[in-house]
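J.:
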Amino acid sequence: MEDKSPSGDTITFLGTAGARFVVTKQLLASGGLWLSLGGSEILVDPGPGCIVQSTKRKLKAEKLSAIILSHRHLDHSADTNIMVEAMTQGGFKQHGWLFAPADALESEPVIFSYLKDYLDGIEVLQEGKSYQIGNISFTTPIQHIHPVETYGMIFTIAEHTFSYIADSRYFDGLCHSYASELLIINVVLLEAMHHIDHLSLADAEHIIMELKPKVAILTHFGMGMWRAKPWEIAQRLSQETGVRVLAARDGMKFELSQLDNT
Ligand SMILES: [Zn+2]
Numbered sequence: 000m001e002d003k004s005p006s007g008d009t010i011t012f013l014g015t016a017g018a019r020f021v022v023t024k025q026l027l028a029s030g031g032l033w034l035s036l037g038g039s040e041i042l043v044d045p046g047p048g049c050i051v052q053s054t055k056r057k058l059k060a061e062k063l064s065a066i067i068l069s070h071r072h073l074d075h076s077a078d079t080n081i082m083v084e085a086m087t088q089g090g091f092k093q094h095g096w097l098f099a100p101a102d103a104l105e106s107e108p109v110i111f112s113y114l115k116d117y118l119d120g121i122e123v124l125q126e127g128k129s130y131q132i133g134n135i136s137f138t139t140p141i142q143h144i145h146p147v148e149t150y151g152m153i154f155t156i157a158e159h160t161f162s163y164i165a166d167s168r169y170f171d172g173l174c175h176s177y178a179s180e181l182l183i184i185n186v187v188l189l190e191a192m193h194h195i196d197h198l199s200l201a202d203a204e205h206i207i208m209e210l211k212p213k214v215a216i217l218t219h220f221g222m223g224m225w226r227a228k229p230w231e232i233a234q235r236l237s238q239e240t241g242v243r244v245l246a247a248r249d250g251m252k253f254e255l256s257q258l259d260n261t
C-alpha cells in the first residue's frame, strides 16, 4: 500500500507511567512523548527519565525544535532542564522553543533562569490558542480540570491530525474539543475516584465513543490500570467501541501512516 507519510511521521512513547507510585518506583518508564513529524522533532511532557529513555532509543535531543509541557506536575516536567540543556548542546547551539502554561513559568518556574537564555524563546500556552513549530501547528483547545494549569493539544501536520488529552478530571468539554484521527489519552485510574482529578477507564471509553477517532492509544497508567493489563483492556475497548484501541508500551513507536490503513 502507498505510504502517505513518506517523512515517516512517528510518535514514540518514552514512558507509560502515570500516577505517583508507578512513576516513583519506575514500575513503568516515564519520560513523555517524542514526536517526529514532517522532519521536525518535538518533545511533549519530559517526565523523570526522559534523558535516559530518549538517549537509550537513540533519539537526538539536539534535533529537537521544541519542548511542550501540558502542565507543571513532576511526571510531566521533571526532565525539562536537562532536555533544554541537551537540545541546545549545553547552550553552545542556542535554539528551540519551550511551550508551557503560565503557572509553570511564574513564581516557581520549571526551568532554571540560566537555561532560558539557551532557547530561542518561551511561549505561554493559553486556552484556544494555536502555535506553530516549523511546518507543524498545534492548538490547546481547552483548559483542563486539574490542580495546576493544564492543556492538551491537537497537532496538525500535512496529512494527519492527532490529539493528546493530558491529565484532567472528566468534563464534557473534552469530548467537544479533541476530535482527530488519532487520540492519545492519559488514563490514570481504573475506577473513578471523586477526589482525584484524573480520567478513569470509563471516562476514556466514553470519550472514545463520542470522538470516534480512527485509533485511540491509552497511556499514563496508574497502578490499578497497570495491574488490570492495559493491553487486555484495550482489546475489550476495541470490541465495545468499534474503534481500534491500543495500550501504549514503554518505547512503543506509532507510525502515523497506520492511520491511512484504518
Ligand atoms: Zn498531573
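Note that the sequence shown covers residues 0 to 261 in numbering that gives the first Met the number 0.
C-beta atoms are modelled at their ideal positions from N, C-alpha and C, and glycine is treated no differently.
So the candidates are P140, I156, I135; which of them puts its Cα closest to the Cα of L173?
T.: It is P140.
J.: Can you give the beta carbon distance from I195 to L217, rounded, assuming they're within the 8 Å contact cut?
T.: Contact flag wrong, Cβ pair sits at about 17 Å.
J.: Which residues in the same chain have their Cβ closer than 6 Å to the Cβ of V109, if we skip the five residues on either side of it in sequence?
T.: Contacts found: R71, S76, T79, A103.
J.: Judging by CA-CA distance, which residue of H219, E126, E180 is the nearest neighbour of K213?
T.: Out of H219, E126, E180, E180 has the C-alpha closest to the C-alpha of K213.
J.: Could you pull out every unbroken alpha helix (DSSP H) segment of at least 4 residues lying fully inside the segment 80-117, listed in chain order?
T.: Taking only runs of at least 4 residues, the alpha helix (DSSP H) segments lying wholly in the segment 80-117 are 112-115.
J.: Within the continuous alpha helix (DSSP H) that includes F307, where are the two ends?
T.: The structure shown has nothing for residue 307, since the chain only spans 0 to 261.
J.: Residues in its own chain within less than 6 Å of T138 by CB, not counting five upstream and five downstream?
T.: Around T138: S129, I153.
J.: Are the segment 216-233 and the segment 16-28 touching by the rule of at least three beta carbon pairs closer than 8 Å?
T.: As far as the Cβ criterion goes, the segment 216-233 touches the segment 16-28, which means the pair count is three or higher.
J.: Pick out whichever of F12, E190, L255, G48 has its Cα sitting closest to the Cα of K24.
T.: If we check each option's Cα against that of K24, G48 comes out closest.
J.: With a CB to CB cut of under 6 Å and the five nearest residues on each side skipped, what residues in its chain are close to N134?
T.: The residues are G37.
J.: Note down, in chain order, each residue of its chain lying with its Cβ closer than 8 Å to the Cβ of A157, except the 5 sequence neighbours on either side.
T.: Excluding residues within five positions, the ones whose Cβ falls inside 8 Å are G37, N134.
J.: Tell me, which residues are paired with Y163 by DSSP?
T.: The partner list for Y163 (beta bridge, DSSP) reads M152, I183.
J.: May I ask you to report which of helix, strand or coil DSSP gives T15?
T.: Reduced to three states, the DSSP call for T15 is coil.
J.: Mark W230 as exposed unless 16 or more other C-beta atoms lie within 10 angstroms of its C-beta, in which case mark it buried.
T.: By the 10 Å Cβ count, W230 comes out exposed.
J.: Alpha carbon to alpha carbon, how far is Y169 from A227? Give it in angstroms, no decimals.
T.: So the two alpha carbons sit approximately 21 Å from each other.
J.: Quick check: the Cα distance between R243 and D116, rounded to an integer number of angstroms?
T.: Answer to the nearest angstrom: the Cα atoms are 44 Å apart.
J.: With DSSP as the reference, please indicate the residues paired to W230 in a beta bridge.
T.: Its beta-bridge partners do not exist; DSSP assigns none.
J.: Assuming F12 and M224 make a contact with CB atoms under 8 Å, what is their CB distance in whole Å?
T.: That pair is no contact at about 15 Å.
J.: Cβ atoms of L118 and W96: under 9 Å apart, would you say?
T.: Yes. Within cutoff.
J.: Below 7 Å CB to CB, which residues in the same chain sit around A201 once its five sequence neighbours on both sides are set aside?
T.: Excluding positions up to five away in sequence, the list reads A191.
J.: Consider the C-beta atom of D119 and the heavy atoms of ligand 1; say whether any pair is separated by less than 8 Å.
T.: For ligand 1, not one heavy atom lies less than 8 Å from the Cβ of D119.
J.: CA-CA distance, R248 and A165?
T.: So the alpha carbons of these two residues sit roughly 17 Å apart.
J.: Residue range of the alpha helix (DSSP H) that V51 falls in?
T.: Element bounds for V51: 49-55.
J.: Per DSSP, what are the beta-bridge partners of A65 in this structure?
T.: According to DSSP, which records beta bridges pairwise, A65 is partnered with I41, W96.
J.: Using the C-alpha atoms, what's the distance from V43 back to E107?
T.: The alpha-carbon atoms of E107 and V43 are separated by roughly 20 Å.
J.: Should P146 go down as buried or exposed, given a rule of 16 or more other Cβ atoms within 10 Å for buried?
T.: Burial call: exposed.
J.: Would DSSP call I206 helix, strand or coil?
T.: Of the three classes helix, strand and coil, the one that applies to I206 here is helix, per DSSP.
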